[in-house]
Amino acid sequence: MVELKTQREIDAMRAAGKVVADALAAVREHAAVRVRLNELDQVARDVLARAGATSPFLGYQPSFASSPFPAVICTSVNDAALHGIPGRRRLAEGDLLSVDCGATLHGWTGDAAISLIVGEPQEADVRLIETAESALRAGIAAAVVGAKLGDISAAIGTIGRAAGYGINTDYGGHGIGRTMHEAPSVPNEGRPGRGMTLRAGMTIAIEPWFLSGGQDSYRVDPDGWTLRSGDSSRAAHVEHTIAVTNDGPLVLTAA
Ligand code: MG
Ligand code: MG
88 MVELKTQREI DAMRAAGKVV ADALAAVREH AAVRVRLNEL DQVARDVLAR AGATSPFLGY
148 QPSFASSPFP AVICTSVNDA ALHGIPGRRR LAEGDLLSVD CGATLHGWTG DAAISLIVGE
208 PQEADVRLIE TAESALRAGI AAAVVGAKLG DISAAIGTIG RAAGYGINTD YGGHGIGRTM
268 HEAPSVPNEG RPGRGMTLRA GMTIAIEPWF LSGGQDSYRV DPDGWTLRSG DSSRAAHVEH
328 TIAVTNDGPL VLTAA
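Numbered according to the numbering used here, the sequence shown spans residues 88 to 342.
Structure representation (structure tokens):
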């Protein structure tokens with residue numbers, strides 16, 4: 088069941104999305120060598136609290152997880168791609184950090200992610216992040232009324248594969264609205280012209296994550312959450328929540 092949102096509801100989701108954007112901007116500002124990941128979580132908590140928003144991440148326990156998620160952001164470092172728990176680890180020179188954040192405001196939810204490099208960047212990491220960002224832009228551009236879900240997936244997957252990166256479709260984009268994860272699922276690879284037709288009022292999170300080693304496999308840490316590339320290569324993850332509208336795709340988690 089896909090719920091089409093009214094203009095007023097999309098405006099409300101934009102307000103939630105702005106809180107997510109503000110939290111991610113604050114985390115980006117604070118991320119530096121020697122900073123602990125749990126300090127970044129506190130930065131995001133403060134932004135959500137000041138906005139009167141709650142976190143859809145905190146206490147979240149989907150079927151794959153053995154314990155509730157303990158933070159308001161996911162912090163995934165280097166070979167970690169998704170769902171990293173922000174613990175006491177300190178960021179180090181050249182670390183590639185992916186940060187995923189959500190916020191719920193007045194009953195509506197936003198979800199977005201950024202990847203960044205701490206300190207002196209390695210060329211390969213810059214390329215990985217730029218490619219993921221390019222795939223995100225292409226996925227968003229494909230989210231127009233009358234197109235198919237597969238057009239979004241194909242736009243993302245084509246860019247990732249052309250760069251030689253691994254893609255795994257166990258986790259990817261999703262419908263979003265009153266809750267964080269709703270139908271439909273939006274895989275990061277697929278065939279154009281296939282799947283559900285996009286309609287005005289659909290709101291979805293689009294979130295490419297690429298594995299730089301070129302393999303598609305991953306493994307999960309004993310913590311039950313942190314998802315790492317199977318070959319220990321670095322990963323990047325970026326995400327926006329968008330609305331499909333008659334005026335084209337609208338990014339609800341833009342700064
Ligand atoms: Mg997310
Ligand atoms: Mg998401």
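Every residue, glycine too, gets a C-beta built ideally from N, C-alpha and C.
Taking 7 angstroms as the cut-off, the C-beta of residue 189 counts as close to a heavy atom of ligand 1. Listed by position in the chain, the residues whose beta carbon lies within less than 6 angstroms of some heavy atom of ligand 2 are 198, 261, 292, 294 and 326. Under DSSP, residue 198 takes part in a beta bridge, and its partners are 189. The C-alpha of residue 328 lies about 18 angstroms from the C-alpha of residue 283.
Classified as exposed, residue 88 has fewer than 16 neighbouring CB atoms from the shown chains inside 10 Å of its CB.
Relative to residue 306, the option among 299, 338, 317 and 298 whose CA is nearest is 317.
Apart from sequence neighbours up to five positions away, the residues of its chain that approach residue 279 with a beta-carbon distance below 6 angstroms are 237, 238 and 241, ordered along the chain. For residue 200, the CB falls within less than 7 angstroms of some heavy atom of ligand 1.
Around the beta-carbon of residue 294, 16 or more other beta-carbon atoms lie within 10 Å, marking it buried. Per DSSP, residue 328 is one residue of the beta strand (DSSP E) stretching across 327-332.
Beta-bridge annotation (DSSP): residue 269 is paired with 262. For the 8 angstroms CB-CB criterion, residue 312 and residue 144 do not form a contact.
The Cβ atoms of residue 140 and residue 192 lie closer than 8 angstroms to each other. Along the length of the stretch 203-266, whole beta strand (DSSP E) runs at least 3 residues long occupy 260-262, reported in chain order. Per the DSSP secondary-structure output, residue 338 pairs in a beta bridge with 329.
With fewer than 16 neighbouring CB atoms inside 10 Å of its own CB, residue 180 falls in the exposed class. Take the alpha-carbon of residue 159 and the one of residue 115: they are about 15 angstroms apart.
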